[in-house]
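This report refers to the structure that appears directly beneath it.
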Ligand SMILES: C[S@@+](CC[C@H](N)C(=O)[O-])C[C@H]1O[C@@H](n2cnc3c(N)ncnc32)[C@H](O)[C@@H]1O
């Protein structure tokens, strides 16, 4: 880090570094890829913790997380400074944070965002769907079964898969119909996925999935 940094920025940077830089999980190239391919400028990230790298790429991002450490870090202010140093757009970054349960919807955010992000934070895709504008996108992994949930939600259509090879994300639109076919002969329902909480096995998988809100 450069000199002339505040203590809060230093603390925030150490935390961000520990969870995201040191684990090679910043995903900046992923967000850059999505911005370039889908013209995304705003995102909402329920269950974000302090994963602020979307703000390096998208000028307007709203983060929602009830974790007490996440609340402390966003309150301290250092995270915004990190964003200002790394942002890849000319305007001032707009970061909003809500230290609340994401299942309590924020009225002002209805139909506001180009992208909804769901990673390792439970079933975000359904409850936070109202935040997406018409034609907006859902970026989701299947760690908690949320990608599987989106795959059976008629409001969403799978439009791309994301794969990580040689530490770089790649987007594919090939063979989309081959994803979300269960390995076992079971009927996949919302209730089943809610109960399992870890998703089910599919014959073909990707690191992440991009769905579009189609209605
Ligand atoms: C495993 S962390 C993942 C953080 C981030 N998505 C990432 O990929 O690094 C899960 C986060 O989701 C948050 N979370 C889970 N359920 C939540 C809820 N209902 N409301 C707000 N935050 C929630 C937790 O507080 C935690 O910070």
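Residue numbers (this note's numbering): 283 to 497. Backbone N, C-alpha and C fix where the C-beta goes; we use that ideal spot for every residue, glycine too. This structure is a prediction, so every number in the text was calculated from the model and none was measured.
Ligand 1 heavy atom lying under 7 Å from the CB of residue i
| i | result |
| --- | --- |
| residue 303 | no |
| residue 346 | yes |
| residue 461 | no |
| residue 375 | no |
| residue 412 | no |
| residue 390 | no |
| residue 349 | yes |
| residue 452 | no |
| residue 329 | yes |
| residue 401 | yes |
| residue 445 | no |
| residue 352 | yes |
| residue 288 | no |
| residue 383 | yes |
| residue 404 | yes |
Residues bridged to residue i [DSSP beta-bridge criterion]
| i | result |
| --- | --- |
| residue 447 | 450 |
| residue 493 | 420, 440 |
| residue 484 | 464 |
Delimiting residues of the beta strand (DSSP E) encompassing residue i
| i | result |
| --- | --- |
| residue 377 | 376-380 |
Delimiting residues of the alpha helix (DSSP H) encompassing residue i
| i | result |
| --- | --- |
| residue 292 | 289-298 |
| residue 476 | 472-478 |
For this session: Kindly provide the ranges of any alpha helix (DSSP H) runs that are 4 or more residues long and lie completely inside the region 302-359, ordered along the chain.
Result: Within the region 302-359, the complete alpha helix (DSSP H) runs of at least 4 residues are 310-320, 336-339, 350-358.
Exercise. In chain order, which alpha helix (DSSP H) runs of at least 4 residues are fully inside the region 384-438?
Worked result: 406-409, 428-433
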